[in-house]
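Peer 1: Mind having a look at this structure? Questions to follow.
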Amino acid sequence: MALYELWDVRLVRAARTVLELPSLDIDEHVITALLGPNGAGKSTLLDALAGLLAPARGTLRYAGNVIDAQSRAALLRRVGYVSQQPWLFDRSVQANVELGLRLRGVTTPAARRRADAALAQLGIETLAARPARELSGGETQRVALARALALAPEVLLLDEPFNALDVTTVDTMKHVLRDLRTAGLRAVVFATHDATLALALADVTLHVSDGRVTRGKRMNLFGGAFDARRHAFDVGGVMVHVAGHIAGGTRIQIDPARIVVSSARLESSLRNVYAGQVIALATDDDGIHVTLDVGLRLQALLSRESVTALGLAPGHAVWAGFDPHAVRVY
Amino acid sequence: MEYYAESLSRAWQLLASGEPSLAIIVITSVSTSLAAVACAALVAIPVGVLVALARFRGKSALRHVLDALTALPTVVVGLVLYGLLSRRGLFGEFGLLFSPTAMIIGQAVLIAPLMANLVLGAVESCDPRLAETCRMLGANRWQQALLVTLEMRRAIVAATVLCFGRALGEVGVAMMLGGNIEGHTRTMTTAIALETSKGEFALALALGIVLVAAALLVNLALGRLRGAR
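Chains W and D, in that order, give the protein sequences. Residue numbers are given in numbering that gives the first Met the number 0: position 63 of the first sequence equals residue 62, and the series is strictly consecutive. Residue numbers are given in numbering that gives the first Met the number 0: position 113 of the second sequence equals residue 112, and the series is strictly consecutive.
Structure, rendered in C-alpha cells:
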C-alpha cells in the first residue's frame, strides 16, 4: 500500500525545476532507496516527503491525506529526517538527542529515557556526555540518526546516510536499518549514489536522474541464507555457490551478463549449473534479456547473435550456468 | 616631551595611590555603561534575532534604518534626548536630566541599534542548516528563535562586549545628559575633557590609561570569544 502518493508534482528550488513527478508512490512497510548521482534531486524529493518543501504544483498525499500549508507542520512532526551533513547543536550529545523531544513537550525524565534508548540502539551510548561539536563525521551522522529515532517517527528519511561512515559502521547501520523495518516504522526512505548499498538494503529502488524518478528493475536479486557447510547460498532450496567469505549476507544478486545459456549440459568450470526452460525474451538497448525458470527466475543478458544461434524461444529447454564470482552477496 | 614624561609619572602616582575621586569616576563610568548595555540588550537582542529570522515587507528598509542609526553621532543622540528630558521637555517632569539614569538612557539608545545590527548580521550569516534543523525537530517560531539565540550565544556576547566598549568610550551623551557633576555623573571621558581644559594633564592622562586598559580588556575578551567559536 502506498504511504506517500505524489500526483503531477513539480519540485522547484531557487527558481529552478528540480523534479517533475507525474505519478509516484512510496510504499508502506518497505525500505525505499532513492538512487542517483549527486545533484539529481534526491535531497529535494526527501525535503518534499518531510514537509520541508512545498511542491510548486501537484498533490502530495501522506497516508491518504493531502498535505497542504496547514498540515505540513504536522507531517514534519511525524517524520524523522537525517540530512546529508547533519547539524548538531553546540551542546552535549545527550542534550542534542533529547532536544526534539523537549520541543514536543516531553518531560525531562521521559526525554532522557528515550534518548538513552536511541543512543543504545545505535551503540553510541558512550558518546552521551561528549560535546557534539567534537565528534567525527561518522559519529555526527549516528547521533543525528539517534536524535531522529528518539522522536519515534512514523517515517525515517535519510540523505546519504553512509557517506561519512567507515566500513564497520556501515555494517552496523545496515543491521539497524533492517531492524527498523520491524520496529513500528511505516517506511524508511534513503537517498544514495551507491547502487550496491541500494541493492543491499532497499526493497524498492527509485532511480532519480534528469529531473525524473523511475522505478528500478531488480534483476536476479534473491533473498536467502548462507549455508556454511556447503559454502553456498540457499535460495528457497536452490543452492548457489558464491566466492569469498560472505557470512552474514541475506541477499545475492547474479550478474545477468555473466550467465551462460546452452542447449546441452556443458563440461565447464562453472560451479553453478541448472536445467530449466525459457520463459520470455525481451529486447532492449543492451541486448536480449532472456528470462529462465531454473528453480529460480533468472534473467540472462545475451547478444542477438547468441539468441539466434541457439534458436531460443519461450518453452525451450536449456541449461544455465555461472561462476561464483558472478554472484554478489549483500 | 619633558612635560609629557612628567605628567605620565604623576599619572602613575595617582593610579598607584588609589585616589578615591579617581575610583569614583571609574566606577561611575563602568556602572552606567554596564546598565546601558543591559537595557539595550533587552530590546536589541530579540529584535536582531527576530528580524533576521522573519521575512516581511520592508525588511530591507528596516535594515537601512538600523544601519543609519548605528552611525548616529553621539552629540545628536545627546541633543535629542536633552530636549526630551529637560524641564520643558516631554519627560521633563521626571527630573532625569543630569542624572546617571539619563546617561544610561542615552547610552542605551546610542548602542541599541549597533547591538541589534551585530546580532542580526550574526544570525543571518549562521549556517542555514541551523534553521532547517530547528524545523526538522518540529520547533515553532518562538522555539526556533530561542534555539538560534542559544546557538549564537558567543556571537551575541561578543556583540554586547563590543557595545560596552563603545558606551564606555563615548563622551557626547555622557557630557550632555550627565552634566559632568563630580561624584555623581562624572565619567572617565567627561573628566578627561574637563581636566585637560583645566590644565590638569596628569589626572586626564591617568584616566586615559584606565580607558585604554579597559579597551584592551574588551578586545581581549572579544578575541577569546571569537577564538572559541
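The C-beta atom is built at its ideal place from N, Cα and C for all residues, glycine as well. Quantities reported herein were computed from a predicted structural model and do not represent experimental measurements.
#1: Within a Cβ cutoff of 8 Å, which residues of the same chain sit near G236(W), ignoring the five residues on either side of it in sequence?
#2: With burial defined as no fewer than 16 other Cβ atoms inside 10 Å of the residue's Cβ, what is the status of W141(D): buried or exposed?
#3: Mind the definition here: the stretch 48-62 of chain D touches the stretch 157-164 of chain D only if three or more C-beta pairs lie below 8 Å; say whether that holds.
#4: Which one of T184(D), A40(D), L204(D) has the shortest CA to CA distance from L119(D)?
#5: List the residues of chain W that D126(D) touches, going by C-beta distances under 8 Å, in chain order.
#6: Between the stretch 184-193 of chain W and the stretch 100-117 of chain W, can you find at least three pairs of beta-carbon atoms closer than 8 Å?
#7: From the DSSP secondary-structure annotation, give me the bridge partner or partners of M135(D).
#8: Let me confirm a value: F93(D) is counted as buried when at least 16 other C-beta atoms fall within 10 Å, else exposed. Which label applies?
#9: If you measure from the beta carbon of R134(D) to each beta carbon in chain W, is any gap under 8 Å?
#10: Give me the subset of the stretch 51-79 of chain D whose CB atoms are less than 9 Å from a CB atom of chain W, sorted by chain position.
#11: What separation, rounded to the nearest whole angstrom, lies between the Cα atoms of A62(W) and V272(W)?
#12: Return no unless some Cβ of chain D is closer than 8 Å to the Cβ of Y80(W).
#13: Between which two residues does the beta strand (DSSP E) harbouring M238(W) extend?
#14: Hey, could you find the ends of the alpha helix (DSSP H) A192(D) is sitting in?
#15: Using a beta-carbon distance below 8 Å, is A197(W) in contact with chain D?
#16: Can you give me the start and stop residues for the alpha helix (DSSP H) that V212(W) sits inside?
#17: Apply the 10 Å Cβ neighbour rule to D46(W) and answer buried if 16 or more other Cβ atoms are within range, or exposed otherwise.
#18: Would M102(D) and A173(D) be called neighbours here (beta carbons separated by less than 8 Å)?
#19: Chain W beta carbons: is any one of them nearer than 8 Å to that of G226(D)?
#20: Under 7 Å Cβ-Cβ, which residues of chain W neighbour A121(D)?
#21: Could you round the C-beta distance between V339(W) and A319(W) to whole angstroms and report it? I think they count as a contact, below 8 Å.
#22: Name, in chain order, the residues that DSSP records as bridge partners for H288(W).
#23: Threshold first: 4 residues or longer. Then list the alpha helix (DSSP H) segments lying entirely within the stretch 301-326 of chain W, N to C.
#24: Return the Cβ separation of L109(D) and E169(D) in integer angstroms, given the expectation that the two are a contact with Cβ distance under 8 Å.
#25: Compare the C-beta of G99(W) with all C-beta atoms of chain D and state if any pair is closer than 8 Å.
#26: Name, going along the chain, the residues of the stretch 31-59 of chain W whose beta-carbon falls closer than 8 Å to a beta-carbon of chain D.
#27: My output table needs one value for S85(D): the three-state DSSP class, helix, strand or coil.
#28: Strictly under 8 Å for the Cβ-Cβ distance: is E1(D) near chain W by that measure?
#29: Should A158(D) be flagged as near chain W, meaning a C-beta pair shorter than 8 Å?
#30: Around the Cβ of I25(W), are there at least 16 other Cβ atoms within 10 angstroms (buried) or fewer (exposed)?
#31: Cα separation between F321(W) and P152(W)?
#32: Three or more beta-carbon pairs under 8 Å between the stretch 65-73 of chain D and the stretch 0-9 of chain D, yes or no?
#33: Check whether the Cβ atoms of R12(W) and G57(W) lie closer than 8 Å to each other.
#34: Could you tell me which chain D residues have their CB closer than 7 Å to the CB of R103(W), listed as they occur along the chain?
#35: With a 10 Å radius around its C-beta and 16 neighbouring C-beta atoms as the bar for buried, classify S42(W) as buried or exposed.
Peer 2: On the basis of the coordinates in this document:
#1: Within the same chain, G236(W) has close Cβ partners G294.
#2: Note on W141(D): under 16 other CB atoms within 10 angstroms of its CB, so exposed under the neighbour-count rule.
#3: Between the stretch 48-62 of chain D and the stretch 157-164 of chain D, the count of C-beta pairs closer than 8 Å stays below three; the two stretches do not touch.
#4: Between L119(D) and the set T184(D), A40(D), L204(D), the nearest pair of CA atoms involves A40(D).
#5: Those within 8 Å of D126(D) in chain W are W86.
#6: The stretch 100-117 of chain W is not in contact with the stretch 184-193 of chain W.
#7: Looking at the DSSP assignment, M135(D) forms no beta bridge with any residue, so it has no partner.
#8: Classification of F93(D): exposed, given that the 10 Å Cβ count is below 16.
#9: The C-beta of R134(D) comes closer than 8 Å to at least one C-beta of chain W.
#10: Per Cβ criterion, the list is empty.
#11: Taking the straight line joining both Cα atoms gives about 46 Å.
#12: Chain D contact via Cβ: present.
#13: Counting along the chain, the beta strand (DSSP E) containing M238(W) begins and ends at 237-240.
#14: Its alpha helix (DSSP H) spans residues 187-197.
#15: For A197(W), the nearest beta carbon of chain D is not closer than 8 Å to its own beta carbon.
#16: Taken as a continuous stretch (DSSP letters only), V212(W) belongs to no alpha helix (DSSP H), being part of the beta strand (DSSP E) at 211-214.
#17: Counting the other CB atoms within 10 Å of its CB gives D46(W) a total of 16 or more, which places it among the buried residues.
#18: Yes, the Cβ-Cβ distance between M102(D) and A173(D) is below 8 Å.
#19: No - not a single Cβ of chain W is within 8 Å of the one on G226(D).
#20: None at all; the shortest Cβ gap to chain W is about 14 Å.
#21: Residue numbering for chain W in the displayed model covers 0 to 329; residue 339(W) lies beyond these limits and cannot be assessed.
#22: According to DSSP, which records beta bridges pairwise, H288(W) is partnered with A281(W), L300(W).
#23: The stretch 301-326 of chain W contains these whole alpha helix (DSSP H) runs: 303-309.
#24: Going by Cβ atoms, the distance from L109(D) to E169(D) rounds to 6 Å, so yes, they are a contact pair.
#25: Judged by the 8 Å Cβ criterion, G99(W) is in contact with chain D.
#26: From the stretch 31-59 of chain W, only A49, L51 have a Cβ closer than 8 Å to chain D.
#27: In this structure, S85(D) counts as coil in the three-state DSSP scheme.
#28: Taking 8 Å as the threshold, the shortest C-beta distance from E1(D) to chain W does not fall below it.
#29: Chain W contact via Cβ: absent.
#30: By the neighbour-count definition (other C-beta atoms within 10 Å, threshold 16), I25(W) is a buried residue.
#31: Straight across, the Cα-Cα distance linking F321(W) with P152(W) is about 44 Å.
#32: Taking 8 Å as the limit for Cβ pairs, the verdict is that the stretch 0-9 of chain D does not touch the stretch 65-73 of chain D.
#33: No, they are not a contact pair.
#34: In chain order: G137.
#35: With 16 or more Cβ atoms within 10 Å of its Cβ, S42(W) is classed as buried.
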